[in-house]
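Chains as they are written, first to last, in our numbering: chain X, 2 to 287; chain F, 11 to 270.
We put the CB at the ideal spot given by N, CA and C, even for glycine.
See below for the structure under consideration.
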């Protein structure tokens with residue numbers, strides 16, 4: 002590992018990937034501006050007022066402006082601050098949801114009747130709209146006199162655990178039957194088989210789920226902030242900016258961009274941990 | 011003490027498609043240090059028999075005793091080393107760590123784990139490859155790791171289910187030589203399932219010929235070839251005669267099977 006030609010190839014591949022990301026960005030900006038230009042002269046495909054679809058550069062400019070008249074802080078700095086707040090809520094929810102999801106997956110794999118009995122409810126929990134659940138969680142947590150951010154993290158965890166449970170279960174069942182027969186022939190304990198064969202086999206599945214969950218936890222945190230009446234966070238920022246959407250939509254778009262960046266950063270962090278953990282795991286992730 | 015005693019063993023599966031008699035009236039004794047091959051057409055239950063011996067399945071009739079114990083007790087006493095057609099190595103473990111797996115499960119001390127891993131790597135001549143991962147090895151090398159892993163905890167009985175079935179002919183013959191060398195060095199009792207007549211004859215002290223539907227033992231052919239088996243053994247006239255003998259017994263099964 003880490004011999005210089007390989008490292009050089011790695012760096013080249015990374016530069017190439019960044020190039021593609023930049024190219025897609027240019028393409029997206031082109032599409033946005035092209036659509037806007039087209040809509041200005043025709044009413045096709047949908048008429049847009051120039052105010053509701055601002056120029057890309059206006060969005061960038063709005064990010065540089067002060068967040069409120071008379072305040073020093075720029076909108077961008079304010080959004081970054083809000084993002085960090087939301088990130089902390091999302092990360093707490095992600096960790097809690099990930100652990101609960103993994104634990105539940107292990108439980109379901111160990112006790113098959115439990116899987117049949119419990120799985121329908123686990124699935125049902127995910128079809129209930131988040132918007133219905135979020136206010137309930139906020140009310141309960143304030144009754145319990147928890148800090149408000151806890152309620153938001155609980156909501157983020159609620160969205161996080163499900164993909165982890167499903168993939169953990171699938172991963173724990175992924176070893177070849179002969180691998181389990183071998184462990185049986187060693188008179189291995191249930192625990193040793195789980196720990197030495199099933200959990201390592203499941204890890205690539207778990208990481209795939211964690212990437213899905215990373216984005217879900219951000220959404221959960223943003224949505225959770227709305228009923229939580231917090232004075233900070235991306236959800237709060239989006240809500241207050243959207244009051245002024247008709248006259249100043251640039252800030253809303255700016256917040257959307259920052260939220261997207263936050264999600265990318267989160268998934269990137271999980272991917273990094275995945276690479277470090279699974280670097281010698283399976284031929285396809287090595 | 012008889013290494014393996016099977017008396018009037020029967021195995022019936024009750025499935026959705028109805029009742030399947032996989033094995034019927036199987037009786038066989040294997041002495042310590044013997045190399046016994048089970049051969050027969052698909053569906054004769056030879057793999058099922060191996061799994062019954064290894065306590066991966068429980069028989070519906072008859073009895074098995076391994077070193078005068080029940081198969082379950084023998085399994086708990088770690089009397090079985092098993093090798094399957096697929097090497098079934100753990101991808102995330104190195105070659106050495108794969109061999110170490112049963113030793114970890116069985117609670118050997120660290121120094122003992124290292125000593126046994128090293129000596130078994132040498133036994134299968136893979137000591138140079140200790141730190142590689144399974145996917146970096148050829149199929150034959152992977153199977154050698156599987157054999158080393160099965161021998162690491164010094165079981166008294168080695169159960170092999172078509173271990174060389176997925177290998178090319180050249181590798182297969184080399185692995186057979188290798189196995190003969192290991193067998194004569196360790197003196198372990200082997201029960202070996204195969205589809206290949208020359209393989210069964212070359213390796214075994216006795217070849218058990220089985221017939222399908224229901225699985226029964228039709229013949230037991232003693233293989234009176236000299237020990238140790240060598241490259242030249244394959245050129246002996248006696249080798250070809252024995253192959254022909256086993257083939258005739260198998261043909262007999264097929265022809266009687268064709269009758270309504």
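Any chain A beta carbon closer than 9 angstroms to residue i
| i | result |
| --- | --- |
| residue 91 (chain F) | This model lacks chain A altogether, as its protein chains are X and F. |
Three-state secondary structure (DSSP) of residue i
| i | result |
| --- | --- |
| residue 67 (chain X) | strand |
| residue 38 (chain F) | strand |
| residue 198 (chain F) | coil |
| residue 101 (chain F) | coil |
| residue 76 (chain F) | strand |
| residue 239 (chain F) | coil |
| residue 18 (chain F) | strand |
| residue 71 (chain F) | strand |
| residue 270 (chain X) | helix |
| residue 212 (chain F) | helix |
| residue 39 (chain X) | helix |
| residue 87 (chain F) | coil |
| residue 59 (chain X) | helix |
| residue 198 (chain X) | helix |
| residue 179 (chain F) | helix |
| residue 65 (chain F) | coil |
| residue 122 (chain X) | helix |
| residue 34 (chain X) | helix |
| residue 187 (chain X) | coil |
Cutoff 8 angstroms; reference residue i; Cβ partners in own chain excluding five residues on either side
| i | result |
| --- | --- |
| residue 11 (chain F) | 42, 77, 78 |
| residue 170 (chain X) | 106, 109, 110, 116 |
| residue 39 (chain F) | 12, 14, 15, 16 |
| residue 90 (chain X) | 150, 153, 154, 157, 222, 225, 226, 234 |
| residue 184 (chain X) | 193, 194, 197, 198 |
Residue i to residue j span [Cα, whole Å]
| i | j | result |
| --- | --- | --- |
| residue 23 (chain X) | residue 32 (chain X) | 14 angstroms |
| residue 54 (chain X) | residue 147 (chain X) | 41 angstroms |
| residue 223 (chain X) | residue 147 (chain F) | 49 angstroms |
| residue 90 (chain F) | residue 187 (chain F) | 22 angstroms |
| residue 247 (chain X) | residue 142 (chain X) | 35 angstroms |
| residue 136 (chain F) | residue 96 (chain X) | 43 angstroms |
| residue 246 (chain F) | residue 256 (chain F) | 16 angstroms |
| residue 25 (chain F) | residue 31 (chain F) | 11 angstroms |
| residue 189 (chain X) | residue 182 (chain X) | 10 angstroms |
| residue 1 (chain X) | residue 156 (chain X) | The displayed coordinates of chain X run from 2 to 287. Any statement about residue 1 (chain X) would go beyond what the structure contains. |
| residue 60 (chain X) | residue 36 (chain X) | 16 angstroms |
| residue 100 (chain F) | residue 171 (chain F) | 19 angstroms |
| residue 286 (chain X) | residue 63 (chain X) | Here the model assigns residue 286 (chain X) a pLDDT of 44, short of 50, so the residue's position is not dependable, and the following value carries that caveat. Each residue's Cα considered, the two are about 42 angstroms apart. |
| residue 297 (chain X) | residue 37 (chain F) | Only positions 2 to 287 of chain X appear in this structure, which leaves residue 297 (chain X) out of reach. |
| residue 33 (chain F) | residue 144 (chain F) | 36 angstroms |
| residue 72 (chain F) | residue 35 (chain F) | 8 angstroms |
| residue 249 (chain F) | residue 84 (chain F) | 35 angstroms |
| residue 75 (chain F) | residue 29 (chain F) | 26 angstroms |
| residue 83 (chain X) | residue 230 (chain X) | 14 angstroms |
| residue 269 (chain X) | residue 278 (chain X) | 14 angstroms |
| residue 131 (chain F) | residue 159 (chain F) | 9 angstroms |
| residue 123 (chain X) | residue 18 (chain F) | 50 angstroms |
| residue 63 (chain F) | residue 205 (chain X) | 35 angstroms |
| residue 76 (chain X) | residue 258 (chain X) | 12 angstroms |
Beta-ladder partner(s) of residue i, from DSSP
| i | result |
| --- | --- |
| residue 219 (chain F) | F:49, F:229 |
| residue 29 (chain F) | F:24 |
| residue 73 (chain X) | BP columns for residue 73 (chain X) are empty, so no partner. |
| residue 78 (chain X) | Bridge partners of residue 78 (chain X): none, in fact. |
| residue 93 (chain F) | F:170 |
| residue 204 (chain F) | F:49 |
Residues near residue i by beta carbon distance below 7 angstroms, same chain, minus five either side
| i | result |
| --- | --- |
| residue 256 (chain X) | 80, 235, 238, 239, 242 |
| residue 271 (chain F) | No statement about residue 271 (chain F) is possible, as the shown extent of chain F runs from 11 to 270 and does not include it. |
| residue 228 (chain F) | 219, 220, 221, 259, 263 |
| residue 190 (chain F) | 213, 238, 239 |
| residue 193 (chain F) | 45, 200 |
| residue 124 (chain F) | none |
| residue 214 (chain X) | 95, 98, 99, 161, 164, 165 |
| residue 30 (chain X) | 57 |
6 angstroms Cβ shell around residue i - same chain, five flanking residues per side excluded
| i | result |
| --- | --- |
| residue 51 (chain F) | 222 |
| residue 163 (chain X) | 127 |
| residue 280 (chain X) | none |
| residue 127 (chain F) | 106, 109, 110 |
| residue 182 (chain F) | 174 |
Check your understanding: Which full runs of the alpha helix (DSSP H) of 4+ residues lie inside the stretch 125-161 of chain X, going along the chain?
Key -> 131-144
Exercise for review: Mind listing, in chain order, the continuous beta strand (DSSP E) runs of no fewer than 3 residues lying wholly within the stretch 122-162 of chain F?
Suggested key: none
Practice item. Just list the alpha helix (DSSP H) runs in the stretch 220-253 of chain X, keeping only unbroken ones of 4 residues or longer that don't cross its boundaries, in chain order. Key: 235-243
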